[in-house]
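Visitor: Quick note on numbering: the sequence shown equals residues -25 to -1, 1 to 292 in mature numbering (1 follows the signal peptide of the UniProt record, and there is no 0).
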Amino acid sequence: MRLGRRPAALGLLLLCAAAASAGDAEELHYPQGEHRSDYDREALLGGQEEVDEYVKLSPEEQHKRLKSIIKKIDLDSDGFLTESELSSWIQMSFKHYAMQEAKQQFVEYDKNSDGSVSWDEYNIQMYDRVIDFDENTALDDAEEESFRQLHLKDKKRFEKANQDSDPGLNLEEFIAFEHPEEVDYMTEFVIQEALEEHDKNGDGFVSLEEFLGDYRRDPTANEDPEWILVEKDRFLNDYDKDTNGRLDPQELLSWVVPNNQGIAQEEALHLIDEMDLNSDRKLSEAEILENQDLFLTSEATDYGRQLHDEYFYHDEL
């Protein structure tokens, strides 16, 4: 049986994999704890289309738009950007682009343009055909069975996102399906999905052993590999807030759902550390313009994308 092309997003199960792979990205960004400025530039100029768009702006226009963005970040209009203001702006940017992406996807998925995305339309967009697995019959092939499980999880998430009598998803419901972390009524579903995946003994918690999954130490090795040490440290210091050796549902949520607040705060602190010339722990417009390249290769400007998005720099918005 041919499964067709793999989906761009394989469901909530992959959120957990993303949590593990985040460490690899962090290592690339901060090898041995040192920040790589070229990593930011690579993120900004990742493809030829982005490069072409970036160089179209004259230095004067870049300067003008950046100053407009700085004013918008400065919520109290005191002429300085604080950690809190930068963090709030970055979180808003994350959400804005997530919503914009979902809106663009909605139009692509809504094949008959009736303002609703049906389960069949979702399948056609993702797999080029409608897929219908038997919920109660496992497949012999391991890869196909893995795909069946992911497909059924996506179907459950689709059904949970649907809040009305219409069998399809309207735009708001589609956003809940694509970004359950942004919608309150999806929180319980996200937690339950994670427990079903990781809580092997069914006690309602995820232990360190369950957190690490199928990992077993090589009996010939003297210690665990580096990535396991990193994951153990995250479990103990980032997720297990009550230090009882297991993750309860709320602690589990902080693992499986991207913590935009933490990411935004970390980036805000990084910018202040790098750009604060007079050590007052806030950034003036002059300090930012002095380090314009760094600011444009940060999450504060979504790696420069905000310079091309009127939502962020237009004076009237």
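The beta-carbon is built from N, C-alpha and C at its ideal position, and this holds for glycine as well.
Of the residues Lys46, Ser33, Leu32, Arg40, which one's Cα is nearest the Cα of Leu258?
Guide: The candidate whose alpha carbon is nearest that of Leu258 is Lys46.
Visitor: Using the C-alpha atoms, what's the distance from Ser254 back to Glu274?
Guide: So the two alpha carbons sit approximately 22 Å from each other.
Visitor: Are Gln100 and Lys86 touching if we call contact CB-CB under 9 Å?
Guide: For Gln100 and Lys86, yes; Cβs fall inside 9 Å.
Visitor: On the CB-based measure, 16 or more other CB atoms within 10 Å of its CB, does Asn235 come out buried or exposed?
Guide: By the 10 Å Cβ count, Asn235 comes out buried.
Visitor: Should Leu50 be labelled buried (16 or more other beta-carbon atoms within 10 Å of its own) or exposed?
Guide: Burial call: exposed.
Visitor: Starting from Met101, follow the alpha helix (DSSP H) in both directions and report where the run begins and ends.
Guide: 94 to 102 is the extent of the alpha helix (DSSP H) around Met101.
Visitor: Note down the Cα distance separating Asp268 from Gly237, rounded to an integer number of angstroms.
Guide: When rounded, the distance between both Cα atoms is 23 Å.
Visitor: Who are the near neighbours of Ile106 in its chain, counting only those whose CB is closer than 7 Å to its CB and skipping five residues on each side?
Guide: Excluding residues within five positions, the ones whose Cβ falls inside 7 Å are Asn98, His126.
Visitor: Going by C-alpha distance, which of Phe186, Ser93, Pro194 is nearest Arg104?
Guide: Ranking the options by Cα distance to Arg104, first place goes to Ser93.
Visitor: Please work out which residues of its chain come closer than 6 Å, Cβ to Cβ, to Leu19, disregarding the five sequence neighbours upstream and downstream, and give them in chain order.
Guide: Annotation note: pLDDT 36 at Leu19 (below 50); position unreliable, coordinate value reported separately. Closer than 6 Å at Cβ, skipping near neighbours: Thr272, Tyr278, Gly279.
Visitor: Which runs of the alpha helix (DSSP H), 4 residues or longer, sit entirely within the region 172 to 215?
Guide: You should have 183 to 187, 201 to 209.
Visitor: Tell me which residue opens and which closes the alpha helix (DSSP H) that Ile65 is part of.
Guide: 58 to 84 is the span of the alpha helix (DSSP H), which, as asked, contains Ile65.
Visitor: Between the C-alpha atoms of Gly220 and Ala196, what's the straight-line distance to the nearest angstrom?
Guide: Between Gly220 and Ala196, the C-alpha separation is close to 24 Å.
Visitor: For the region 123 to 139 and the region 151 to 160, state whether three or more C-beta atom pairs, one from each stretch, are separated by less than 8 Å.
Guide: Yes, the region 123 to 139 is in contact with the region 151 to 160.
Visitor: If I follow the unbroken alpha helix (DSSP H) through Lys39, where does it start and stop?
Guide: Element bounds for Lys39: 34 to 48.
Visitor: Strictly under 9 Å for the Cβ-Cβ distance: is Arg192 near chain D by that measure?
Guide: Among the protein chains of the structure shown there is no chain D, as only one such chain exists.
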